[in-house]
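Enquirer:
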């Protein structure tokens with residue numbers, strides 16, 4: 703039993719926990735923002751940036767300009783979880799994320 707507990711304890715990342723569960727004053731927060739402005743980004747902004755970090759590819763289909771986002775082709779896992787045939791709904795999703803950013 704203690705072997706299992708020690709294995710679980712070894713998996714704990716206390717520095718990351720402290721970063722995610724930060725406590726401090728508003729002035730402390732503002733000084734962090736001055737040093738690293740990206741901490742104020744919303745989840746929508748982060749998701750939009752993540753998708754665009756893999757680029758975008760424009761193409762024409764039936765006289766309609768479409769954009770394909772390589773992020774949805776699952777470049778991280780060699781296409782194992784790629785999304786095919788949904789370029790228009792994915793474009794709409796990215797537009798919503800951009801508007802919410």
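Residue numbers (the numbering used here): 703 to 803.
Every residue, glycine too, gets a C-beta built ideally from N, C-alpha and C.
Predicted model, so just to flag it, every value in this text is computed and none were measured.
According to DSSP, which residues form a beta bridge with residue 768?
Expert: Note: residue 768 sits in a beta bridge opposite 761.
Enquirer: Would you check if there are 3 or more beta carbon pairs closer than 8 angstroms linking the region 708 to 727 to the region 771 to 786?
Expert: As far as the Cβ criterion goes, the region 708 to 727 does not touch the region 771 to 786, which means the pair count is below three.
Enquirer: On the criterion of 16 or more Cβ atoms from any shown chain inside 10 Å, does residue 707 qualify as buried, or is it exposed?
Expert: So residue 707 counts as exposed.
Enquirer: Inspect the CB distances between the region 759 to 766 and the region 740 to 749 and report whether three or more fall short of 8 angstroms.
Expert: In short, these stretches do not touch, since the Cβ pair count stays below three.
Enquirer: Determine the burial state of residue 732: buried for a count of at least 16 other Cβ atoms within 10 Å of its Cβ, exposed for fewer.
Expert: Residue 732 should be labelled exposed.
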